[in-house]
Amino acid sequence: MEVKAQAKFQRISPRKVRLVVGLVRNKSISVARDQLSVLRKRSAITVLKVLESAIANAEHNHKMKLDNLVITQAYVDGGPTLKRWMPRAFGKASAIRKRTSHITIVVGEKVDTKTVQTKRSAKKIADKQKKKEKEVALSTAKKETVSAGKSAAATNKTKK
């Protein structure tokens, strides 16, 4: 089960928030909280609030335990851009783009990595066996066609 929390239209550039979100992606909740609480970036406060919201959603709405939670997905999308104008020399004006962000954090329960790895390895082995069977079938088919071609060529030579 995965639980999502979002903060939309945050007045900070997505590029700056992505630096912070990249630090906590795929981390456990306790590690992510510790990192965000000591990080000296303005966006760390907002990301921490979104993380706390996701944790509260998981505990209250879905009765998940805090010990088993991990950040499965964390991403930042760009929101609408506010366009402002700054006066410049000779009566000109240049555009200033005030960017906004949509921050999304998805929290889920930890998955036992050993079972996932064994499933993946079993699938890889099965795929390799299927590939070998196809190769063997193709090679036998080629041998049969080659031998049939040789016997046909031999009969043509004897007829002449």
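For what it's worth, numbering that gives the first Met the number 0 labels the leading residue of the sequence shown as 0, then goes sequentially.
In this text, a Cβ means the ideal position worked out from N, Cα and C, and glycines have one as well.
Taking every protein chain shown into account, the CB of Met63 has 16 or more other CB atoms within 10 angstroms, so this residue is buried. Per DSSP, Val2 lies in no alpha helix (DSSP H) segment; the continuous beta strand (DSSP E) that holds it begins and ends at 1 to 9. Beta-bridge partners assigned by DSSP to Thr103: Gln5, Tyr74.
Counting C-beta pairs with one atom in each stretch, the stretch 98 to 112 and the stretch 122 to 135 have fewer than three that are closer than 8 angstroms, which means they do not touch.
By the criterion of a C-beta distance shorter than 7 angstroms, Pro86 is surrounded in its chain by Ala92, once the five residues flanking it on both sides are discounted. According to DSSP, Ala94 shares a beta bridge with Trp84. An exposed status is given to Ile95, since fewer than 16 other beta-carbon atoms sit within 10 Å of its beta-carbon.
Collapsing the DSSP output to three states places Leu18 in a helix.
Excluding the 5 residues flanking it on each side, Ser12 has same chain C-beta neighbours closer than 6 angstroms at Arg98, in chain order.
When secondary structure is reduced to three states using DSSP, Val135 falls in the helix class. Ser12 carries a coil assignment under DSSP once its states are collapsed to helix, strand and coil. The closest CA to that of Phe8, considering only Arg119, Leu35, Thr103, is found on Thr103. Counting the other Cβ atoms within 10 Å of the Cβ of Val106 gives 16 or more, which makes it buried. Rounded to whole angstroms, the separation of the alpha carbons of Lys82 and Ser27 is 38 angstroms. Lys130 and Arg32 have their C-alpha atoms roughly 46 angstroms apart. Rounded to whole angstroms, the Cβ separation of Lys48 and Ala6 is 7 angstroms, and the two are in contact under 8 angstroms.
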